[in-house]
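The structure under discussion appears below in the form of structure tokens.
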Amino acid sequence: MKINTRRSAFLVISEIENKKNPNADTLMEKYHRTLKDPKDRKLFVEIVHGVLKFKNLLDYYINFVATKGVKDKRILNVLRIATYELMFLDRIPEYATVDEACSLVESINKHQKGFVNAVLRNIIRKKDEIEKALERVKETNLKDFLSIKLSYPKFLIEYLEQSYGLEKTIKILEFLNTKPLQSIKINTKKIDREDFLKKLELNGYKYTLAEENSEIVYILSGNIKDSDLYREGYFYFQDLASSLVVKWNKEDFESAGAILDLCAAPGGKTFNCAEITKGFIISCDVNKSKVDLLRNNLVRLGFDNVVPAQSDATILNEDFIDKFDIVIADLPCAGFGTIRKKPDIKWNKTLEDIESLHELQLRILDNAAKYVKDGGIIFYSTCTLGHKENEDTAKDFVKRHKEFSIVYQKTIFPDEYQCDGFFIAKLRKEGKEEA
Ligand SMILES: C[S@@+](CC[C@H](N)C(=O)[O-])C[C@H]1O[C@@H](n2cnc3c(N)ncnc32)[C@H](O)[C@@H]1O
1 MKINTRRSAF LVISEIENKK NPNADTLMEK YHRTLKDPKD RKLFVEIVHG
51 VLKFKNLLDY YINFVATKGV KDKRILNVLR IATYELMFLD RIPEYATVDE
101 ACSLVESINK HQKGFVNAVL RNIIRKKDEI EKALERVKET NLKDFLSIKL
151 SYPKFLIEYL EQSYGLEKTI KILEFLNTKP LQSIKINTKK IDREDFLKKL
201 ELNGYKYTLA EENSEIVYIL SGNIKDSDLY REGYFYFQDL ASSLVVKWNK
251 EDFESAGAIL DLCAAPGGKT FNCAEITKGF IISCDVNKSK VDLLRNNLVR
301 LGFDNVVPAQ SDATILNEDF IDKFDIVIAD LPCAGFGTIR KKPDIKWNKT
351 LEDIESLHEL QLRILDNAAK YVKDGGIIFY STCTLGHKEN EDTAKDFVKR
401 HKEFSIVYQK TIFPDEYQCD GFFIAKLRKE GKEEA
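With the UniProt record's numbering, letter number 176 in the sequence shown gets 176, and the count goes up by one each step, no holes.
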């Protein structure tokens, strides 16, 4: 049974490494489903996320003992999995980790079994020596040290440092390495908050509430997706940060007659609006299967004031011009704020990606500007950190569209709110641009 868990983790990690921007969530889900025992599932997620989160640190340990490096990526990934277990998982005895790694490597290349065994035994033996060597890196080059110890590409550390300073960047990066709690939003259109919390207790779920939004509940134990509470539509999955766009601007959304959500899937902000608005919402996404999923969730949650549609936000839709009180532009971004849940993001984004996402955001906002009525609002948001995609996009947008002004903009720092990193800008259309 255990070999299946590690083999699944090995296959997912290898596939993520081999492709640029693979859909890691879909991959994880595919292999997750093949594991029947909840304990195996938990270990599988722990290993995949752990290896992706701490890849640089694991490689430092491995390369310290395998001084010529490990050229075969498959063998390297077996070693990373085992080294992660040795460093981070107290519950698994060291001998079991080494045995499992040897069995796994045997099925890949049996000639490498002795090598893997020797590397892992050396890591166990030389742990203190390796830690001391790493401390010496800290004394000579702090950024190199952080890039290894916290395991982030150096460009990302430097990029965030430019935006927030080094001290804040370290706090952010440390927090993004922690494990997220399962976060859900109560569907207040179907059930009262107190009644829902009682039902949670009756069903044996332990929970805590988010400070900034008491309708966001952190589930501490159990798989709530398999519950009747989910099937009844009493909640949907959403991070605290994502819920704050509507929560912090409730009056705007309550009074809006027509709302357009340009990049809506999986639907979090649309659902937040649908709970409170007296008007209607058109929810678009470019991805057809995501729109189908959104549609299914609308039925499950019982919202009848939302029209889902497949639509590309970069293409101007003449029918939308001047029609909306609010446009939600929760745009494609690098996603650095979500690294706790999607650690592969650490390794598959570049500075060029950030630049081109900034440009894409401006293109979509150019269209959004036309869809909003005079006096209306665009809520521009991302789940990323760093000025280029956030403050700079908002700044460049109002430079291009003099009829808009920035009412406020705010970065939700993950280490402060204990949630994803996020950015919100409220942009009001004051009147027609002068010719
Ligand atoms: C950050 S997610 C949106 C999250 C969503 N607003 C929520 O609260 O659940 C970005 C979404 O943008 C969609 N997307 C990417 N490019 C797009 C485009 N050109 N037009 C419309 N949607 C797009 C993606 O499919 C993805 O679902």
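Even glycine gets a Cβ: it sits at the ideal position worked out from N, Cα and C.
Check, Outcome
"Figure out for me which residue from S227, L181, K225 and L202 has the closest Cα to the Cα of I216.", "L181"
"Is it buried or exposed, H111, if we count other Cβ atoms within 10 angstroms and call 16 or more buried?", "exposed"
"Leaving out five residues before and five after D304 in sequence, what residues of the same chain have Cβ atoms less than 7 Å from its Cβ?", "none"
"Considering A66, what are the terminal residues of the beta strand (DSSP E) in which it resides?", "A66 -> no beta strand (DSSP E), and no H or E assigned at all."
"When burial is assigned at 16 or more other CB atoms within 10 Å of the CB, is V372 buried or exposed?", "buried"
"For I130 and D59, what's the separation of their Cα atoms in angstroms?", "12 Å"
"According to DSSP, simplified to helix, strand and coil, what is G376?", "strand"
"Mind the definition here: the stretch 190-197 touches the stretch 160-180 only if three or more C-beta pairs lie below 8 Å; say whether that holds.", "no"
"For the stretch 206-278, which segments carrying the alpha helix (DSSP H) assignment without a break, of at least 4 residues, lie completely within its bounds, in sequence order?", "228-231, 240-247, 250-255 and 268-276"
"Compare the beta carbon distance of L262 and K149 with 8 Å and say whether it is the shorter of the two.", "no"
"Are the stretch 346-366 and the stretch 413-426 touching by the rule of at least three beta carbon pairs closer than 8 Å?", "no"
"Which residue wins for smallest C-alpha separation from I281, given the options D344, W248, D325 and L229?", "D325"
"Comparing C-alpha positions only, which one of Y218, E389, L351 and F115 sits nearest to G69?", "F115"
"Would you kindly work out how many angstroms separate the C-alpha atoms of I276 and N23, rounded to a whole number?", "33 Å"
"My output table needs one value for S311: the three-state DSSP class, helix, strand or coil.", "coil"
"Measuring only the C-alpha atoms, how far is Y234 from H49?", "29 Å"
"Among R300, V51, L86 and E46, which one has its Cα closest to the Cα of K225?", "R300"
"By Cβ distance below 8 Å, which residues in the same chain neighbour V307 in space, the five residues on each side in sequence not counted?", "F280, I281, I282 and S283"
"Check whether the stretch 327-337 and the stretch 381-389 touch, using three or more Cβ-Cβ pairs below 8 Å as the test.", "yes"
"With a 10 Å radius around its C-beta and 16 neighbouring C-beta atoms as the bar for buried, classify V105 as buried or exposed.", "buried"
"From K126, D239 and R7, pick the residue whose C-alpha is nearest to that of M87; which is it?", "K126"
"List the endpoints of the continuous alpha helix (DSSP H) containing I130.", "K127 to T140"
"Would you list, in sequence order, the uninterrupted alpha helix (DSSP H) runs of no fewer than 4 residues that lie entirely inside the stretch 60-112?", "73-88 and 94-108"
"Nearest-angstrom Cα distance between G421 and V45?", "21 Å"
"Return helix, strand or coil for K36, following the three-state DSSP convention.", "coil"
"Can you say whether L316 is buried or exposed, counting buried as having 16 or more other CB atoms within 10 angstroms of its CB?", "exposed"
"Cβ of K341 within 8 Å of Cβ of L52?", "no"
"Considering only C-alpha positions, which residue in the set A118, I157, L166 and F64 is nearest to A133?", "F64"
"Decide yes or no for the touch test of the stretch 192-212 against the stretch 155-175: beta carbon pairs closer than 8 Å, at least 3 of them.", "no"
"Sorted by chain position, which residues of the same chain lie with C-beta nearer than 7 Å to D264's C-beta, five sequence neighbours on each side aside?", "Note on residue identity: the sequence assigns Ala, not Asp, to residue 264. Here the set comprises T270, S283, C284, D285 and L294."
"I need the straight-line Cα distance from K395 to L427, nearest angstrom please.", "10 Å"
"Please determine whether the Cβ atom of P180 lies at a distance below 7 Å from any heavy atom of ligand 1.", "no"
"With a threshold of 16 other CB atoms inside 10 Å of the CB of N296, please say whether the residue is buried or exposed.", "exposed"
"Measuring straight from C-alpha to C-alpha, what distance separates G257 and K278?", "7 Å"
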